[in-house]
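Visitor:
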Amino acid sequence: MSLAATTAGVDQTRALAGAVSGLVHAGDLVLLAGDLGTGKTAFAQGFAAGLGVDEAVTSPTFTLVRTYPGGRLAVNHVDVYRLERLQEAVDLGLAEMVDDDAVTLIEWGDVVVPALPADFLEIRLAYGEGAGDERRLTLRTVGRRWAARRRSLEAALAPWTVA
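First residue of the sequence shown? That's 104 in our numbering, and the numbers climb one at a time after it.
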């Protein structure tokens, strides 16, 4: 199942992410995919803020993993851009990171899917067709956890849904 949405700028991307964060449960896995500069980190910022994380969220490109405690749920924010082999994702313990104490958000997550549990929400960000900072987001559910929240996800995305 996939849904499409469009945002007009970074603030709307963050707001959409906050709406999605309202649907997550402990143990959920959210993958972010898209070209450089499409807003994966901005999405992560809005997502964490939506969960009540007060700390400034930055891309963990060089540290690979940052955990943000506090809020409704802790957020494990992972960036696998620098990984060169799938085995590095396995060695990093990505599958074990997905636990019942936090939600795990992985930037560039589409490249490490074979090393992850087969139950996640994938959000693909792309440059929009319009001028400026428009972004097109495609959300795809994989597995039962997110499939059961389809209607809630549709409702949360309504302000940004493409007719």
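Glycine included, each C-beta is placed from N, C-alpha and C at the ideal position.
Computed from a predicted structure; not experimentally measured.
Within 10 Å of its beta-carbon, does T144 have 16 or more other beta-carbons around it, so buried, or fewer, so exposed?
Guide: Counting Cβ neighbours within 10 Å, T144 comes out buried, since at least 16 surround it.
Visitor: CB T109 to CB E237, shorter than 8 Å?
Guide: Yes. Within cutoff.
Visitor: Where L240 and D194 are concerned, what is the direct C-alpha to C-alpha distance, given to the nearest angstrom?
Guide: Rounded to whole angstroms, L240 to D194 spans 30 Å at the Cα level.
Visitor: Suppose you measure from the CA of R117 to the CA of A258; what does that come to, to the nearest Å?
Guide: Cα to Cα, R117 sits roughly 17 Å from A258.
Visitor: Look up T116 in the DSSP assignment and say whether it is helix, strand or coil.
Guide: In the structure shown, T116 sits in a helix (DSSP, three-state: H, G or I).
Visitor: Along the beta strand (DSSP E) that carries R50, what are the first and last residues, could you check?
Guide: As displayed, the chain neither begins before 104 nor continues past 266, which places residue 50 out of reach and without an answer.
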